[in-house]
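In what follows, a structure is listed as structure tokens, so that the remarks can point back to it.
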Amino acid sequence: MEGARISTCGKLGDDENAKFLDIRAPAEIKQIGGPDIRGMKKKAVAVVYKGEDKVEFLKKVSEVQGTGKDHIVHSG
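This note's numbering numbers the first residue of the sequence shown as 8 and each following residue consecutively.
Right under this line is the structure:
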């Protein structure tokens, strides 16, 4: 898992168009906080996923500017 994190951070830092999607419930983000990626001059984009509405979730992801197949980075 650590290797995946390092790889993701490297890709995120290398690609100025890459976005970090924080896919968690709003309550969890509020309780724990968002990831600190300011060192890469980026902000996380929160996209809520509740599990029951996959079509709406995919629509929200596709609306994030710059998220295309060339900019998606998977970790873990």
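Just so it is clear, CB atoms sit at the ideal spot from N, CA and C, and this is done for glycine as well.
**Request:** List the DSSP bridge partners of residue 53.
**Result:** 29
**Message:** So residue 84 and residue 49 are supposed to be a Cβ contact under 8 angstroms. How far apart are they, rounded?
**Reply:** Missing from the structure shown is residue 84; the chain here goes from 8 to 83 and no further.
inquiry  = With H, G and I counted as helix, E and B as strand and the rest as coil, what does DSSP make of residue 44?
reply    = coil
Ignore the nearest five residues each way along the sequence and tell me which others in residue 42's own chain have a CB closer than 7 angstroms to its CB.
27, 29, 51
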